[in-house]
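For reference, the structure discussed in these notes is given below.
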Amino acid sequence: MMPNLLENILTPLAATVAQSTAPAEETVQAAQATTEIVEETGRPMRDLGGTFWLPEPQSTLAPSMDWAFMAITWLCYICFAGIVIALVYFTWKYRQKGNEVVYQADAPLHNTPLEVGWTVVPLLLCIAIFFMGFKGFLDLSTPPKDSYEIRVTAFKWGWGFKYPNGATSENLIVPVGQPVKLIMRSSDVLHSLYIPAFRVKKDVVPGRYSYLWFQADEIAGFPESDTSVETGHYLFCTEYCGTGHSNMNRVVYVLPQDDFEAWEEEQARWLDSVPDEDLYAVAGPRLYSKCSNCHTIDGGANTGPSWGDPTSGSLAGLGDVWKRTKDGTTPVTGGTKGKPGTTLADYIGEGKLYGTPEDYIRASILNPGELLVAGYGPNMPHFRGQIDERGIDGLIMMMAKIDEFDAAGRFKGTLPSVSAAGGEGTESE
Amino acid sequence: MANTVSPFEDPQERANAGVFGMACFIISLVMVFAATILAVVVVRLQDPGSWPPGGEVGLPPVLLASTVVLVISSGTMVAANRSARVGDGPGLARWMIATFVLAILFLMAQGIAWWELLDLGIGLDTDLWSWTFYVLTALHALHVLGGIIPMAVVTERARRHEYSVENHRGVTYVGMYWHFLDVAWLGLYATLWWATSV
Amino acid sequence: MTTIDANSPASTAVDPPVDNYLTYTRGILSWALTLDHKRIGVMYLFAVLSSFFVGGVFALLVRTELLTPGVTLPWVDADTYNEYFTLHGAIMVFLVIIPSIPAALGNFVLPVMLGAKDVAFPRMNLGSFYLWIVGAVCAVYSLVAGGFDTGWTFYTPYSTTTSFSGVIPVLIGVFILGFSSIFTGINFVVTIHKLRPPGMTWFRMPLFLWATYATALIQVLATPVLGITLLMLIVERVAQIGLFDPAMGGDPVLFQHFFWFYSHPAVYIMILPAMGIISEIISVHAHRHIFGYRFIAFSSVAIAIFSFLVWGHHMFTSGQSPLMNTLFSAITFSVAIPSAIKVFNWLSTLYKGSISLNTPMLYGLGFIFLFTIGGLTGLHLGTLNTDIHLHDTYFVVAHFHYVMMGSALIAMIGGLHHWWPKMFGKMYKENHGAIGFWLVFIGFNVTFFTQFMLGSHGMPRRYYDYMPEFQIYHVISTIGSYIMALGFFWTAYYLIASLISGKKAPANPWGGRSLEWQCSSPPPHDNFKTTPSVGDCYDFSVVHWDEEEGGYVVDRSGLPESEEKPSSH
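Residue numbers (our numbering), protein chains in the order written: chain A, 1 to 429; chain B, 430 to 627; chain C, 628 to 1196.
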């Protein structure tokens, strides 16, 4: 444990130092160290970038905020230096030698002009700073009329972004050079959307809508796959929301206008273009990426029950989700309709709460919380409006054939359409 | 140790400090009720619908009776205080008993109001209106209960003629607190009455 | 000297066993049922410092967990981490900092400074201590009952829906602690109004009393709002419906308004008495009349008043209207002014002083250093557009630790060293104190200055897991926290050691001028046999070193008759 811990601390430090000071031949080592981090934490080590105080500004709003920040910071430097110099100088100059007090009768008791002075000068400075911040804030809180509107749903613990043409995404994809307005709501508790590179932040409050706008003025990559975070900007949740709060971060990609439109179009239509026989193999994993925050496939413990054969989770040995749903063996202890001491078998079947196992899983996606699996809390948000029937079909089929997927949810085999067309021999793969 | 119960040597100074302390405590409680009322007002103003949502149930009429009882009890408390100041021992006992009985009556009336609503199947978690009704009345009732205990002690001591013109601190404190409860209830009742409308 | 009372050291040097509050009566019950403000103060001190230890352990666990992204300590998962930082915050705010200076040090010092025998309502004083105990027990019980992970801010609707089942006990605990705080506040307000000795007009009070008075006003006016807010929260959690619940038309932002209406003034409950202590420490150890007495006194009251009008600056991103944000930002800057005034006045008090760098003075000067950083970085957060970027990041964490720990708690430790000889009659070793101070001071800056950079680069607070590029800052910060912990353990060690083997303290080891330095160390049970009258408590021209006494004495011979004489003897 201990050496491992030390290594975890030291390796990235070495990497950072190497990156910043290394001559050319050492960068290889640094790169190696960096790669190790990727494996350790699942996140690549990126350069903090920017200045000593601030990250690189990436939106039209950022420069004025940075200017205000640095102006205040410089004011702080000056005041702080003045105060500390006076403090040290007086302490040294008037230090007492021995025990006897050196009483100076001419030490002033007060000095009204001086005191009024150091009341008024800070007051004027504060008024100036206030107006600086006020001006910037007015820009921050008035989205331009022609903004591109994206609807945002925050939930424990992720974000749903919905674009005007119906496309949805988990990371935020925006066009470059165009004001973007986020219309945000929360489906459970308070969240707060924060994009440091853009210097914007706004709470997402259940029961009301809040707006946030920005205009990114530089292209920030496009993901090769959804798990890459190499080029985008981080998006954080900054209002504490429980277990997954610190993993509620996603990436913002800024695309050229054409690419953005193409992406948006593809995103809205992709499900339609998947052939029926490939649905579980193609749509399943893609949709599962949303579920993967809480549900593992390999039986690992997480916020929600695993889909795969649970060998290490709290439901060890129950069998994979489809099998235990079909067999009705899952113990149910809570939820709005479940009672302690019951199993799924009590709820699935002719005339019961759910007619078929498929009905149960469909309800769990659209209307979770009716039944809670033993050992799990009511944490799952509903996905009404975010997934259609075809998508649900794909997910249920994926669960039924969970063995064909690896731990990350990737399809291991050959696509059914390919193997049907390409013919013989590929089966064994 | 016994001689250090109060740092005041002069009983009059001690009584003054006591009144001052009681006033501070009441100011503190004023903040409690003011905040409560403010919360209800803010939420009510944001809600465009009618309170209660169905609109057919209103505040139990018995609240009007309890309000009258409480106001009268404030009057008898004033009379008790005056008796204490002039050294009218029997008068003090009489008025204290009257106040005490009225206080009990008030609590009973509040209980009837609760019972009426509960009888209609309206509980704490029915809607925000019922929530507000129960929380506001319960908050006040708890303060009344907190006042009734020292009031019982003072009443008993008054019956035994233990108070004098010089020393009737207990009567003064209970009186201050009781008048405050009276005003607080008027505030809460007005708030409930205002909130219960379309 | 002998005129002040029979127990002053001049006469004790002779022999007869001195009446001393520590040994006045014996036995556990004589402490548990004591009405003596000094004993209650000492019990508070013990309770608060114990809580500080527990809160500190949670802080170290949090810092250690943050050494690496993701899991570091094998038993700390995200939920456990959330519980740790919640506990750290709740313990430090409600059990440590809020009661630390007023209830522990204030209880001990305030009546002695006034020359009074006790606070106005000794029974209520003991009652408020036991309320504190009950509140603390509720908080401990909440751990047994399932813990809580809401953050110390208890924001709805998270706090009404979280599956941790210790939320209600801890809310009840905080509610009761609020009562304890209100009763202490009432007691101090009345004591300062009604028990000032002859000659002590409002503008002759030691500045610590002004600060305590301003604090007590906030305690009386703001704490009840927290109380009712938490009650409504409890009801809401039980009934699953309430005024803060958006599902039924309630308003979660209303909870934030109410919470901060208390919790922002609460920041001043923490910092105002700290400022009072610093005014005492600086003037006593610089042996110099405090500069600009009236400005300091007025600025305490000004801070207390403004503190009620600025709560909305915690909510610039919460969705309150831009108009409200603007107003709150503007008023927030007005709080900066009285704070700045105080710093300038303390600096001027050093000018032409006669400065002894005793341990309390080191803490006093350290306070000015740290409070300056804490205060100046408040400008970034009060400014509307920069706060949007910095809100709920480590920048805020660093800022409020500079103010609440670097200032309030450092002042508390400084005050503890300042009054330690008075409280227990023993001197700690000066060089030990200096080592402790430098460890704490350096550790503190290493821990929290790095967090400013973390925050301005966008690291959100309350994160269990973080981006690897932030790690270097986290590691430095954690190392700093270990240095600081070492400093505190060292301080605990030499203070306890001084109780056992410390040199006997003279009545006036530092050359103080206010009344608490004119009764013996430790003070007798009744403080003063008769109420002394006082003059200018910052006139140090009459304070002289007395070799025989081993401390300072106040020479009363040159003073007018009306001053400093007991009213009767």
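We put the beta carbon where it would ideally sit given N, CA and C, even for glycine. Note that the structure is a prediction, hence the values are computed from the model and not measured.
Please list, in chain order, the chain C residues whose beta carbon lies closer than 9 Å to that of residue i.
i, result
"L557/B", "I868, G869, L870, D872, M875, G876, G877"
Is the separation between the beta-carbon of residue i and that of residue j shorter than 8 Å?
i, j, result
"S956/C", "G1009/C", "yes"
"D1019/C", "S192/A", "yes"
"V852/C", "F885/C", "yes"
"F214/A", "F198/A", "yes"
"G812/C", "A913/C", "no"
"L881/C", "I72/A", "no"
"G991/C", "I909/C", "yes"
"F462/B", "G616/B", "yes"
"E545/B", "P579/B", "no"
"T953/C", "F69/A", "no"
"F685/C", "R915/C", "no"
"G1063/C", "T1118/C", "yes"
"E1143/C", "V739/C", "yes"
Using a Cβ cut-off of 7 Å, pull out every chain C residue sitting near residue i, in sequence order please.
i, result
"F449/B", "V817, H820, K821"
"T465/B", "I855"
Taking Cβ-Cβ distances shorter than 9 Å, what residues in chain B pair up with residue i?
i, result
"V771/C", "Correct list: empty, because the minimum Cβ distance to chain B is about 27 Å."
"V847/C", "C453, F454, I456, S457, M460"
What are the partner residues of residue i, as DSSP defines its beta bridges?
i, result
"E149/A", "K181/A"
"A929/C", "According to DSSP, A929/C bridges with nothing at all."
"G334/A", "L372/A"
"T342/A", "V332/A"
"W159/A", "A154/A"
"F214/A", "V180/A"
What is the rounded straight-line gap between the Cα of residue i and the Cα of residue j?
i, j, result
"L271/A", "A281/A", "12 Å"
"T777/C", "V189/A", "12 Å"
"M742/C", "A107/A", "Reading off the sequence, residue 742/C comes out as Gly, not Met. Spanning the two alpha carbons is a distance of roughly 28 Å."
"N1154/C", "F134/A", "54 Å"
"H1196/C", "V669/C", "Summary for H1196/C: the model assigns pLDDT 35, below 50, so the residue's position carries little reliability; its value from the coordinates is reported in the next sentence. Straight-line Cα distance between these residues: approximately 30 Å."
"C294/A", "L366/A", "16 Å"
"M248/A", "V1067/C", "35 Å"
Excluding sequence positions up to five away, which residues of its chain have a Cβ less than 7 Å from the Cβ of residue i?
i, result
"A446/B", "F437"
"V418/A", "none"
"S210/A", "M184, K202, D203, V204"
"W1172/C", "Y1179"
"Y163/A", "I150, E264"
Could you tell me which chain A residues have their CB closer than 8 Å to the CB of residue i, listed as they occur along the chain?
i, result
"I995/C", "I83, L87"
"K979/C", "Y94, Q104, D106, A107, P108"
Going along the chain, which residues of its own chain have a beta-carbon closer than 6 Å to the beta-carbon of residue i, five neighbours each way excluded?
i, result
"E370/A", "G335, T336, K337"
"L688/C", "Y711"
"D439/B", "none"
"P749/C", "L662"
"A154/A", "S186, H191, V204"
So which residues on chain A does residue i lean against when the C-beta distance must stay under 7 Å?
i, result
"H1007/C", "F69, I72"
"Y768/C", "Going along chain A, no residue has its Cβ under 7 Å from Y768/C, so there is no contact; the nearest lies around 22 Å."
In chain C, which residues lie with their C-beta within 8 Å of the C-beta of residue i?
i, result
"K201/A", "T944, I1015, H1016, H1018, D1019"
"E442/B", "K821"
"N445/B", "K821"
"D439/B", "None at all; the shortest Cβ gap to chain C is about 11 Å."
Looking at residue i and the ligand ATP, is the gap between the Cβ and the nearest heavy atom below 7 Å?
i, result
"I819/C", "For the structure depicted, the ligand ATP is absent and the ligand set is empty, with no information on it obtainable."
Residue i touches chain B at which residues, Cβ-Cβ below 8 Å?
i, result
"F885/C", "A464, A468"
"I655/C", "Those do not exist, as I655/C stays about 15 Å from chain B at its closest Cβ, beyond 8 Å."
Going by beta carbon distance, what residues of the same chain come within less than 8 Å of residue i, once the five residues before and after it are set aside?
i, result
"E424/A", "Residue confidence for E424/A is low, a pLDDT of 47 falling below 50, so the modelled location carries little weight; the figure read from the coordinates is stated next. Cβ neighbours of E424/A beyond the five flanking positions: none."
"D217/A", "Q58, S59, T60, V176, G177"
Going along chain B, which residues have a C-beta under 7 Å from residue i?
i, result
"F748/C", "G450"
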